[in-house]
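Start counting the sequence shown at 4; every next residue gets the next number (the working numbering).
For each residue, glycine too, the CB sits at the ideal point set by N, CA and C.
None of the values given here were measured: they were computed from a predicted structure.
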Amino acid sequence: MADDRRGNGHERVPGRSRRRFPRISSRAYEHPADRSALVALRKLSGFDTVFKALSGLLPERSLRLLFLSDSVRVSDRQFVHLNDMLRDACYILDLEKVPPMYVNQDPNPNAMCIGLDEPIIVVTTGLVELLDEEEMRAVIGHEVGHALSGHSVYRTVLLFLTSLAVRVAWIPLGNLAIMAIVTGLREWFRKSELSADRAGLLVGQDLQASMRGLMKTAGGNHLHEMNVDAFLEQADEYEAGGDLRDSVLKILNVLPRSHPFTTVRAAELKKWEASRDFQRIMDGHYPRREEDKDTSVRDSWRESASSYATHVRTSKDPLMKLVNDIAGGAGDLGGRVRRGFGGFASGQPGPKDGRNGSEGPEDTPGGPGDAGPREPRD
């Protein structure tokens with residue numbers, strides 16, 4: 004077949020039929036921790052009204068005007084191939100109203116879905132130029148998944164609170180309270196990103212394209228230099244490697260982030276694609292939206308707790324193994340901790356404290372103040 008390419012240099016792949024999921028509830032693909040939080044919030048009487056009342060305080064109107072005036076709106080006349088993908092993603096996930104989508108001039112490959120009253124999707128030129136058609140389809144499906152789940156509301160609040168924390172940093176207690184809320188929202192949002200990755204896979208229905216897209220956001224447009232299996236091995240090494248000190252550093256590194264690390268996202272998505280839950284959705288067996296009102300908060304929290312317990316039980320991380328041993332009543336935990344922290348708590352010679360001759364701990368390399376790599380928005 005002739006090599007037909009678009010004007011932007013991306014290959015036009017032959018059209019193929021994809022499964023559609025009429026009336027699919029976002030609960031079908033949401034991560035258990037994400038789903039339990041959303042179910043609880045949706046059950047709160049007046050919750051949506053309160054959040055929409057914040058629209059006068061949040062910079063949503065300003066953002067909408069900014070994108071309208073200084074970005075390119077995707078339509079049947081501009082970025083037509085992106086418009087086709089957007090409409091196709093909404094058709095597959097049965098999202099009744101197609102959200103407006105903008106392309107913003109920015110060399111950094113990013114995407115986001117924000118908005119209180121109505122979600123809007125923004126992708127950067129860096130992302131459009133980086134990904135091929137099938138990889139981009141998965142990203143747009145990811146953002147449509149955010150819209151279907153209602154994540155855009157909480158994302159907008161998170162952006163506002165993060166900005167507010169900077170403004171009131173000089174007020175110790177005020178900043179502390181806001182940052183506590185931001186930290187909680189970030190923990191939820193990291194799980195919501197795993198949910199949206201699943202939505203992207205349901206839309207693209209091409210695991211390899213999803214894997215390539217994640218690899219490119221981590222290593223750039225050098226697929227000939229990268230390998231999916233080797234990339235996934237990094238995730239396994241990251242989880243299992245090191246000792247308890249590395250486990251603590253992992254927690255400190257991830258706390259300020261709104262997104263999981265890219266290798267972790269790839270591993271989680273591959274695991275979900277191989278699960279029975281994914282196959283049931285593809286076979287047409289999934290929860291419908293009309294059933295959402297009957298969803299039990301208690302059942303959702305139980306699923307979330309079960310998910311965390313399974314993660315602790317099966318994790319290769321040294322700290323998670325220790326937690327699992329504590330839960331199981333393992334003996335000699337003090338020795339396990341000392342061995343786990345290596346030089347930090349191994350009893351190696353250290354400075355005396357001058358009172359009873361006890362040895363002080365060594366300095367730990369790294370720590371909360373260490374600067375980490377910057378993260379993409381989506």
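Sub-9 Å separation of residue i and residue j beta-carbons
i      : j      : result
Gly216 : Ser155 : no
Thr266 : Ala243 : no
Lys219 : Leu85  : no
Met88  : Ile123 : no
His34  : Lys194 : yes
Glu137 : Asp209 : yes
Phe70  : Val125 : yes
Gly264 : Tyr241 : The amino acid occupying residue 264 in the given sequence is Phe; Gly does not appear at that position. For Phe264 and Tyr241, yes; Cβs fall inside 9 Å.
In DSSP terms, what residue i is bridged to
i      : result
Val267 : DSSP lists no partner for Val267.
Tyr105 : Arg76, Val125
Cys116 : Ile124
Arg291 : Ile27
Candidates the options, of which the one nearest residue i by Cα
i      : options                        : result
Lys273 : Phe70, Gly287, Ile143, Leu205  : Leu205
Leu151 : Pro263, Ala199, Arg283, Tyr289 : Ala199
Pro110 : Glu99, Ile95, Leu98, Thr127    : Thr127
Leu197 : Pro25, Ser20, Ser29            : Ser29
His145 : Gly129, Glu121, Asp120, Asn113 : Asn113
Met115 : Phe264, Leu96, Leu66, Gly287   : Leu66
Asp79  : Tyr289, Ile95, Val101          : Val101
Gly95  : Ser20, Val231, Glu228, Asp73   : In the sequence on display, residue 95 carries Ile and not Gly. For Ile95, the nearest C-alpha among the options comes from Ser20.
Gly223 : Gly153, Gly129, His149         : Gly129
Gly207 : His227, Arg90, Val77, Ser74    : Arg90
Leu98  : Glu228, Arg279, Gly153, Val231 : Gly153
Gln211 : Gly287, Ala221, His227, Val231 : Val231
Any C-beta of chain D under 9 Å from that of residue i
i     : result
Leu69 : Absence of chain D from the displayed structure is noted, only one protein chain being present.
Assumed close pair residue i, residue j - CB separation to whole angstroms, cut-off 8 Å
i      : j      : result
Tyr32  : Arg201 : 4 Å
Arg23  : Met285 : Contact flag wrong, Cβ pair sits at about 11 Å.
Trp191 : Asp37  : 7 Å
Ala92  : Val147 : 4 Å
Arg26  : Arg291 : 5 Å
Phe234 : Ala277 : Going by Cβ atoms, the distance from Phe234 to Ala277 rounds to 17 Å, so no, they are not a contact pair.
Problem - Stretch-stretch touch, CB-based, cutoff 8 Å, three pairs: the segment 103-111 with the segment 209-227 - result: no
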